[in-house]
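S.K.: Protein chains in written order, with this note's numbering: chain B, 446 to 817; chain U, 446 to 817. Let me begin by handing over the structure; questions about it come next.
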């Protein structure tokens with residue numbers, strides 16, 4: 446059975462404070478780590494956590510604000526220091542996904558600092574649409590386009606445009622996962638990511654197989670992998686007859702900074718998610734200020750969670766005025782647990798659980814046994 | 446009387462570890478802070494220190510390696526958040542000095558992330574010479590030259606070339622300080638900085654003045670500022686007659702990563718320094734490895750200190766294998782105090798004091814009463 450969990454490395458907004466790092470979280474599946482956003486100091490937070498620095502296999506950057514990005518060049522250097530370079534043919538390419546301009550950012554920062562990596566990397570850029578942010582925030586291709594030769598360890602990445610039929614971006618598809626991105630509204634183009642684990646075949650009904658006279662052996666494997674087999678008696682056995690119901694894949698959605706999602710596609714894509722990670726920079730009482738800065742409040746995050754019928758809503762990206770719960774003193778300053786209360790209130794009547802993220806919190810994401 | 450002190454914000458090499466930050470130190474004089482190098486996480490170290498984030502007035506970057514630079518874009522953003530934007534005419538330009546390529550680095554990182562600052566900034570670039578690093582590390586102007594429009598808060602900086610007569614770079618001169626840079630040898634072009642405080646007039650001999658019948662008043666100020674005055678009796682009094690000896694200015698030298706200094710100019714410039722900050726990445730027993738990576742050992746740092754007859758040698762930029770002294774357990778792993786012992790041994794027979802820098806160590810740099 447495959448494990449999946451999520452560890453928050455930074456849950457603060459604007460800058461990395463001593464008690465709340467800048468945005469970063471790691472989704473871990475069977476030993477491979479995927480990093481979502483990488484504010485300054487993420488590599489140091491990673492060292493303080495239980496995760497192993499050398500395992501970052503993919504990086505997803507939601508938008509190009511510094512508190513989500515400034516840690517990336519240094520993190521790549523440190524991942525490289527922690528990667529065994531032998532044998533070189535075993536070194537996989539680190540795939541990095543993010544808005545147009547990210548390739549230029551990395552090529553310049555790694556290039557000017559003479560940073561060499563032991564592994565190859567590729568930046569796959571999402572092409573934003575102009576309605577994702579105010580007009581004045583739009584970066585021209587003049588500003589975002591990389592120039593000159595590739596970095597010595599850089600492989601040519603893809604440019605990914607919006608698929609008009611689904612109103613989403615297809616980032617990757619393999620035997621285990623499909624990852625798509627969707628558009629958010631923020632001060633600069635910002636994206637959400639949806640990681641959909643593929644359904645996997647259910648357990649073999651071994652009792653039934655034994656009754657049919659099929660003993661453990663190669664036929665079990667073929668049935669499990671979806672093949673029909675012919676028994677000695679000539680009977681053809683299909684997988685559907687001897688497999689329990691499919692085990693549904695898990696779905697994890699991580700949204701970048703936003704004051705809203707664009708259109709209905711994000712809600713369709715996130716529908717029924719096991720975990721939805723949504724920002725809640727300020728409390729409901731400051732909604733006007735939050736929206737003015739392109740941010741959300743707990744009530745706004747809850748509205749997305751409700752519309753998408755998610756199991757768990759995790760709030761993060763808190764204004765640095767909210768101290769971690771463990772450091773908060775009764776009656777002094779802003780209380781982060783109030784943000785949780787506001788989201789819970791807005792989710793009354795649903796089964797959605799609300800979780801407050803804190804730096805180094807690890808959430809386990811268990812397999813579901815059946816489709817809900 | 447003017448104060449001067451130095452606070453180390455990061456004393457580790459290669460990357461910011463939880464117990465030893467990446468390179469950064471602040472020289473503070475009368476409330477103005479000058480930052481030397483800015484590894485990732487410097488802004489957070491600054492918040493943890495006693496210093497005030499909003500006071501960074503000048504930045505000096507010794508070389509373009511990430512562990513000395515990756516914190517700069519984020520630091521500027523956070524200094525800006527801590528700067529009162531009113532009245533705008535009171536906002537001074539933050540002057541940033543460093544090797545060619547630094548202007549491009551900042552324009553791209555601040556530009557792509559949409560980072561706005563409330564104050565103007567200017568990057569003054571030092572033009573390295575090819576003998577400062579191995580040939581393959583040389584960055585072509587193709588790679589280092591900034592393009593397109595200035596960042597909205599950017600003012601055009603200077604390009605500073607080596608002054609062949611002194612073999613140094615003149616960075617700034619004002620009524621209080623002269624700052625020069627000099628060349629080091631490292632894997633990439635690296636520089637040292639020498640901050641020379643100007644001598645100031647000695648104390649007024651008020652007893653003598655009273656004997657001559659000159660009472661406290663405007664004449665005292667004129668004499669102190671170096672003017673001669675004519676007494677009622679017609680006698681002309683020169684400042685030299687009534688001022689004690691000049692108070693010599695302090696001299697502080699901070700060297701970037703290096704395995705050696707280039708030529709004799711650095712030694713002449715650093716001669717008699719109150720404080721010389723020099724890297725000691727590895728112990729003497731690993732000198733070969735240190736030099737191979739362009740670094741120094743305590744003995745090598747001590748040789749520079751000895752040749753320049755400095756009062757105090759401060760070692761920093763330790764390999765992350767050296768835990769801070771407070772965390773080191775007897776008999777376990779590498780002992781940073783051994784680096785101090787090695788430098789002290791190499792300085793036997795001199796008056797030079799050796800100090801091990803640790804994160805958040807503050808060294809006071811007192812005024813000297815007389816020329817040595």
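All C-beta atoms, glycine included, are put in the ideal place defined by N, C-alpha and C.
1) Is any heavy atom in the ligand SAM found nearer than 6 Å to the beta carbon of residue 616 of chain B?
2) For the region 582-601 of chain U and the region 548-561 of chain U, state whether three or more C-beta atom pairs, one from each stretch, are separated by less than 8 Å.
3) I need the straight-line Cα distance from residue 713 of chain B to residue 736 of chain B, nearest angstrom please.
4) From the DSSP output, in three-state form, read off residue 515 of chain U for me.
5) Starting from residue 511 of chain U, find everything on chain B with Cβ-Cβ shorter than 7 Å and list it in chain order.
6) Give the straight-line distance between the Cα atoms of residue 461 of chain U and residue 543 of chain U, rounded to the nearest whole angstrom.
7) Taking the alpha carbon of residue 458 of chain B as the reference point, which residue from B:763, B:785, B:772 has its own alpha carbon closest?
8) Do the region 640-658 of chain B and the region 616-624 of chain B meet, that is, are 3 or more Cβ pairs less than 8 Å apart?
9) Quick one: any contact between the region 796-806 of chain B and the region 778-798 of chain U, if contact means 3 or more CB pairs under 8 Å?
10) In angstroms, rounded to a whole number, what distance separates the CA positions of residue 772 of chain B and residue 489 of chain B?
11) Between the Cα of residue 567 of chain U and those of U:498, U:767, U:595, U:751, spot the shortest distance and give me the residue it belongs to.
12) Among B:487, B:493, B:500, which one has its Cα closest to the Cα of residue 478 of chain B?
13) Could you tell me the distance, in whole angstroms, from the CA atom of residue 817 of chain U to the CA atom of residue 717 of chain U?
14) Please identify the residue among U:579, U:630, U:574, U:582 whose C-alpha is closest to the C-alpha of residue 607 of chain U.
15) Please state whether the Cβ-Cβ distance between residue 576 of chain B and residue 647 of chain B is less than 7 Å.
16) Pull out every residue of the region 580-591 of chain U whose Cβ sits closer than 8 Å to any Cβ of chain B, in chain order.
17) To the nearest angstrom, how far is it from the Cα of residue 650 of chain B to the Cα of residue 670 of chain B?
18) Establish whether the CB of residue 492 of chain U and some CB of chain B are separated by less than 7 Å.
19) Between the region 518-526 of chain B and the region 502-519 of chain U, can you find at least three pairs of beta-carbon atoms closer than 8 Å?
20) If you count every other CB in all the chains shown that lies within 10 Å of the CB of residue 742 of chain U, and 16 or more means buried, which is it?
21) In the DSSP assignment, the beta strand (DSSP E) including residue 474 of chain B goes from what residue to what residue?
22) I believe residue 802 of chain B touches residue 761 of chain B by the beta-carbon criterion, under 8 Å. Please report the beta-carbon distance rounded to the nearest angstrom.
23) Consider the Cβ of residue 481 of chain U: report whether some Cβ of chain B lies at a distance smaller than 7 Å.
24) Give the interface partners of residue 514 of chain U over in chain B, defined as CB-CB distance under 8 Å, in chain order.
25) Should residue 556 of chain B go down as buried or exposed, given a rule of 16 or more other Cβ atoms within 10 Å for buried?
26) In chain order, what residues of the same chain lie with their CB nearer than 6 Å to the CB of residue 447 of chain B, ignoring the 5 residues before and after it?
27) So, using beta-carbon positions, are residue 757 of chain U and residue 720 of chain U closer together than 7 Å?
28) Using a C-beta to C-beta distance shorter than 7 Å, which residues of chain B count as neighbours of residue 463 of chain U?
29) May I ask you to list, following chain order, the residues of the region 700-713 of chain B that have a beta carbon less than 9 Å from some beta carbon of chain U?
30) Identify whether residue 510 of chain B lies in helix, strand or coil by the three-state DSSP scheme.
31) Going straight from the alpha carbon of residue 777 of chain U to that of residue 798 of chain U, what length do you get?
32) So, under 8 Å CB-CB, residue 627 of chain U and residue 710 of chain U are touching, yes? Tell me the CB distance rounded to an integer number of Å.
33) Is the CB of residue 817 of chain U under 7 Å away from at least one CB in chain B?
34) Output, in chain order, the set of chain C residues within a Cβ distance shorter than 9 Å of residue 469 of chain B.
35) Can you pull the chain U residues whose beta carbon is under 9 Å from the beta carbon of residue 615 of chain B, in chain order?
36) Quick check on DSSP: helix, strand or coil for residue 723 of chain B?
M.R.: Straight from the coordinates:
1) Of ligands this structure carries none, so the ligand SAM is not represented either.
2) yes
3) 23 Å
4) coil
5) 518, 519, 522, 558, 560
6) 21 Å
7) B:763
8) yes
9) no
10) 21 Å
11) U:595
12) B:500
13) Low per-residue confidence applies at residue 817 of chain U: pLDDT is 44, beneath 50, and the placement is therefore not dependable enough to give any value.
14) U:574
15) no
16) 582, 584, 587, 588, 589
17) 14 Å
18) yes
19) yes
20) buried
21) 469-474
22) 4 Å
23) no
24) 558
25) buried
26) 475
27) yes
28) 489, 492, 493
29) none
30) coil
31) 27 Å
32) 5 Å
33) Confidence is the limiting factor: at residue 817 of chain U the pLDDT is only 44, short of 50, which leaves the residue's position unreliable and the question unanswerable from this model.
34) Note that chain C does not occur in the displayed structure, where the protein chains are B and U.
35) Ordered by position in chain U, no residue passes the 9 Å Cβ test against residue 615 of chain B, which lies about 24 Å from the chain.
36) strand
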